[in-house]
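Engineer: Please see the structure below; I have some questions.
Numbering (UniProt numbering), first residue to last: 1 to 75.
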(Lines of atoms letter the chains of each structure in order from A and count residues from 1; the text may use other names and numbers.)
(Lines give C-alpha, C1' and ligand atoms only; values in the text may rest on other atoms or scores of the structure.)
Protein backbone atom coordinates (compact mmCIF):
# COMPACT_ATOMS: atom_id res chain seq x y z
CA UNK A 1 0.00 0.00 0.00
CA UNK A 2 1.31 3.43 -0.93
CA UNK A 3 1.98 5.92 1.88
CA UNK A 4 -0.16 9.02 1.82
CA UNK A 5 1.77 12.24 1.22
CA UNK A 6 0.78 15.31 3.23
CA UNK A 7 2.56 18.23 4.85
CA UNK A 8 2.06 21.07 7.28
CA UNK A 9 -0.58 23.55 6.12
CA UNK A 10 -2.40 21.17 3.76
CA UNK A 11 -6.20 21.04 3.70
CA UNK A 12 -7.30 17.39 3.82
CA UNK A 13 -10.60 15.53 3.59
CA UNK A 14 -11.30 12.91 6.25
CA UNK A 15 -13.46 9.79 5.85
CA UNK A 16 -16.01 11.15 8.35
CA UNK A 17 -17.30 14.72 8.54
CA UNK A 18 -16.73 16.81 11.65
CA UNK A 19 -19.88 17.20 13.81
CA UNK A 20 -20.21 20.81 12.57
CA UNK A 21 -20.78 19.43 9.04
CA UNK A 22 -17.47 20.46 7.47
CA UNK A 23 -15.27 17.80 5.86
CA UNK A 24 -12.17 20.01 5.43
CA UNK A 25 -9.36 19.91 8.01
CA UNK A 26 -6.09 21.88 8.05
CA UNK A 27 -2.90 20.20 9.31
CA UNK A 28 -1.42 22.56 11.91
CA UNK A 29 1.12 20.29 13.69
CA UNK A 30 3.05 17.20 12.62
CA UNK A 31 5.12 14.68 14.54
CA UNK A 32 4.21 11.33 16.09
CA UNK A 33 0.79 12.92 16.53
CA UNK A 34 -1.01 15.13 14.02
CA UNK A 35 -3.04 18.19 15.08
CA UNK A 36 -5.78 19.10 12.64
CA UNK A 37 -8.12 22.10 12.74
CA UNK A 38 -11.63 22.08 11.32
CA UNK A 39 -11.93 24.73 8.59
CA UNK A 40 -15.64 25.20 9.43
CA UNK A 41 -15.64 25.77 13.20
CA UNK A 42 -11.88 26.14 13.98
CA UNK A 43 -11.95 23.26 16.55
CA UNK A 44 -8.60 21.45 16.76
CA UNK A 45 -7.99 17.76 17.46
CA UNK A 46 -4.76 15.86 18.24
CA UNK A 47 -4.70 12.29 16.89
CA UNK A 48 -1.96 9.66 16.47
CA UNK A 49 -0.30 9.64 13.03
CA UNK A 50 -1.37 6.04 12.28
CA UNK A 51 -5.03 6.84 12.97
CA UNK A 52 -4.79 10.07 10.93
CA UNK A 53 -3.31 8.23 7.92
CA UNK A 54 -6.04 5.59 8.16
CA UNK A 55 -8.87 8.17 8.38
CA UNK A 56 -7.55 10.65 5.79
CA UNK A 57 -9.30 10.37 2.43
CA UNK A 58 -7.30 12.81 0.27
CA UNK A 59 -5.43 16.12 0.16
CA UNK A 60 -7.80 18.80 -1.14
CA UNK A 61 -5.39 21.74 -1.27
CA UNK A 62 -1.65 21.65 -0.73
CA UNK A 63 0.13 24.59 0.91
CA UNK A 64 2.82 24.52 -1.82
CA UNK A 65 0.24 25.07 -4.57
CA UNK A 66 -1.35 27.97 -2.67
CA UNK A 67 2.07 29.64 -2.15
CA UNK A 68 3.06 29.16 -5.82
CA UNK A 69 -0.23 30.68 -7.01
CA UNK A 70 0.20 33.68 -4.72
CA UNK A 71 3.77 34.27 -5.95
CA UNK A 72 2.74 34.07 -9.62
CA UNK A 73 -0.10 36.55 -9.02
CA UNK A 74 2.34 39.08 -7.51
CA UNK A 75 4.51 39.16 -10.64
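Ideal Cβ positions, reconstructed from N, Cα and C, are used throughout, including at glycine.
(1) Go to residue 49, then tell me how far its alpha helix (DSSP H) extends in each direction, as first and last residue.
(2) Consult DSSP for residue 37 and reduce its assignment to one of helix, strand or coil.
(3) Apart from the five residues just before and just after residue 15, which ones in its own chain have a Cβ nearer than 7 Å to its Cβ?
(4) Just reading off the beta strand (DSSP E) that residue 29 is part of, what are its end residues?
(5) Please list the terminal residues of the continuous beta strand (DSSP E) segment that includes residue 12.
Structural biologist: Taking the definition as stated:
(1) Along the chain shown, one-based indexing puts residue 49 at 49. Residue 49 -> alpha helix (DSSP H) spans 49-55.
(2) Looking up residue 37 in the chain shown gives position 37. Strand, per DSSP.
(3) Position 15 of the chain shown holds residue 15. The beta carbon of residue 15 is closer than 7 Å to those of 55 and 57 in its chain, skipping five residues each way along the sequence.
(4) Indexing the chain shown from 1 puts residue 29 at position 29. Boundaries of the beta strand (DSSP E) harbouring residue 29: 24-29, taken from the DSSP string.
(5) To locate residue 12, count along the chain shown from 1; it is residue 12. Where residue 12 is concerned, the enclosing beta strand (DSSP E) stretches over 11-14.
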